[in-house]
Amino acid sequence: MTHHHQADPAAANALARVRGRAPEIRANVRRLAAFASVHSCPTAAVAFAARVDTNRVLAGTRMEMPFGQSPFAIGRGVAFEALLRRHGHAELRRVLTAGLDTDFTFAAIENLREGYPPNRAGLRMRATVTRTRMAEIAGSPADPVVLDGAVLEADIGGLPAFFEADEMAIGVGGQIIVGENKSWPVVDGKPTDEDALGAALDQAATYVLLGRRTLGQAGVDPACMSDSVVLVTPRNTGLAPSLYRQDVASRIRRIERLLSAVPDVQETAAATPASVTFDAVADQTLPESARLEEFGEVTAVLGRVYAPASCLTSCGFAWACRQRLFADADPGLVGGQVARALPGIASLSRVAELGQGAPASPVEAPAAVPLARAGRLYDEVMPPAGPAQRRTA
Ligand code: SF4
4 MTHHHQADPA AANALARVRG RAPEIRANVR RLAAFASVHS CPTAAVAFAA RVDTNRVLAG
64 TRMEMPFGQS PFAIGRGVAF EALLRRHGHA ELRRVLTAGL DTDFTFAAIE NLREGYPPNR
124 AGLRMRATVT RTRMAEIAGS PADPVVLDGA VLEADIGGLP AFFEADEMAI GVGGQIIVGE
184 NKSWPVVDGK PTDEDALGAA LDQAATYVLL GRRTLGQAGV DPACMSDSVV LVTPRNTGLA
244 PSLYRQDVAS RIRRIERLLS AVPDVQETAA ATPASVTFDA VADQTLPESA RLEEFGEVTA
304 VLGRVYAPAS CLTSCGFAWA CRQRLFADAD PGLVGGQVAR ALPGIASLSR VAELGQGAPA
364 SPVEAPAAVP LARAGRLYDE VMPPAGPAQR RTA
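Each residue of the sequence shown is one higher than the one before, starting from 4 at the first, in our numbering.
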């Protein structure tokens, strides 16, 4: 992986122009994982490179998707975090001591969430403290140290990004262990939500990977970062914390591949036409129709690779893209596999016509035969209220 920590200013400007006044989002683990599942879509790649928050660009339109946590879950998270920290982190000390076979009763707990400016400069300072404390593991310190709110710096597609880990326990049998706090319950020793568990473990695995790179840069053996991570979660229905430890070696390898597949920001910027910007799409003073029209133009210029399953779960543009595909009656609507099986055919309306036995042009011929055979299936696949206001054939 290349490390150009100074992004070329021209690329940075180009991407700032692409973003315009659209809401910005920093790279974080969840965002990275979401992008990984739609990375073959050029629109998604440009939005990712330009740090456009796809979940919020369409806010105020009917195409805004309901992402994000419920206020109830957020409230529970805040309460759980406060519980861990109160009385000098007494609960956190207790749960780490019980779960890690190391006495954290008198461990130094350094709270990096306080005392630093809440901006990039503050993150960079916290990253420096984190790196320094991590490197101390090489001198085998007598007492363990916990960093509350450790910050790791990483190069994501050629731009520096900061990642914030809930805890980093340093000096557990000569190793460093990453911890994440989650407020969803573990009932009878099992997390109740498998998806949330997977996402939390991916998050922790990313910190292990970035932590290893940080150690390597500091000249310390990266193996000092443990392959196992801990999740601190409430036990059963109350808020009493308990610790869940798991090996994430295979997740670390997967995330390493994922990071190396992030497109280079400079290349993305260079390949993006100057006319492309999400500025008007996000402009809440414009009428909805104008914003969606802009969206259609931007995505038409960049191109879309619409795959319903991954788009709907991983991209904030999914409803808007689906609507565009309906409007264009694009075969992509029914998913990439079907679209690939219909080479040379411009629209679903045309699919329907061929399915009903319309004569095929030479370019349509390879797909036309099976289509005619499968003609009646089309009516079952597409709901009757579906596309085809426009005949593009
Ligand atoms: S929803 Fe649209 S922009 Fe997002 S990944 Fe899918 S096709 Fe691309």
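Even glycine gets a Cβ: it sits at the ideal position worked out from N, Cα and C.
query	result
At what residues does the beta strand (DSSP E) containing Leu61 begin and finish?	From DSSP, Leu61 is part of no beta strand (DSSP E); its letter is neither H nor E.
Could you tell me whether any non-hydrogen atom of ligand 1 is closer than 7 Å to the CB of Val41?	yes
Short of 6 Å in beta carbon distance, which residues of its chain neighbour Leu126, apart from the five on each side in sequence? Order them along the chain.	Val154 and Phe165
Tell me whether the beta-carbon of Leu99 lies closer than 8 Å to the beta-carbon of Leu246.	yes
Taking Gly299 as part of the alpha helix (DSSP H), name the residues at either end of that continuous run.	Glu291 to Leu305
Helix, strand or coil: which one does DSSP assign to Tyr247?	strand
Just list the residues that DSSP pairs Ala111 with in beta bridges.	Val148
Would you check if the stretch 85-97 and the stretch 307-321 touch, i.e. whether three or more CB-CB distances between them fall below 8 Å?	no
Should Arg22 be listed as close to ligand 1, given that the test is whether its C-beta is under 7 Å from any heavy atom?	no
Assign Arg22 to buried or exposed, taking buried as 16 or more other Cβ atoms, counted over all protein chains shown, within 10 Å of its Cβ.	buried
Can you confirm whether the stretch 163-179 touches the stretch 20-38 when touching is taken to mean that 3 or more C-beta pairs between the two stretches lie within less than 8 Å?	yes
Within 10 angstroms of the Cβ of Pro387, are there 16 or more other Cβ atoms? Answer buried if so, exposed if not.	Unreliable positioning characterises Pro387 in this predicted model, as indicated by a pLDDT of 43, which lies under 50. A coordinate reading is not provided.
According to DSSP, simplified to helix, strand and coil, what is Val32?	helix
Could you pull out every residue in the same chain whose Cβ sits closer than 8 Å to the Cβ of Arg24, ignoring the five residues on either side in sequence?	Asp282, Ala285 and Asp286
According to DSSP, simplified to helix, strand and coil, what is His8?	Because the pLDDT of His8 is 47, which lies under 50, any placement of that residue in the model is unreliable, and the number read from its coordinates should be weighed accordingly. Coil at His8, not helix or strand.
Which one or two residues does DSSP pair with Thr236 in a beta bridge?	Ser245
Please state the DSSP three-state secondary structure of Asn184.	strand
Would you kindly work out how many angstroms separate the C-alpha atoms of Glu297 and Pro194, rounded to a whole number?	43 Å
Nearest to Thr131 by alpha carbon, out of Tyr119, Val55 and Ala141?	Tyr119
Is it the case that the stretch 261-274 contacts the stretch 230-243, given that we only count it when at least three CB pairs across the two stretches are under 8 Å?	no
Between Glu94 and Leu86, what straight-line distance do the alpha-carbon atoms span, to the nearest angstrom?	7 Å
From the DSSP output, read off the bridge partner residues of Val175.	Gln178
Which residues in the same chain have their Cβ closer than 7 Å to the Cβ of Arg294, if we skip the five residues on either side of it in sequence?	Thr64, Ala283, Val284 and Asp286
Could you work out which residue in Gly201, Gly177 and Lys185 is closest to Asp169 when comparing CA atoms only?	Lys185
Please confirm whether Ile255 and Ala208 have their CB atoms less than 8 Å apart.	yes
Identify the residues that DSSP records as bridge partners of Ile258: which are they?	For Ile258, which the question treats as bridged, DSSP gives no partner whatsoever.
Using the Cα positions of Ser40 and Cys324, report the straight-line distance between them to the nearest angstrom.	16 Å
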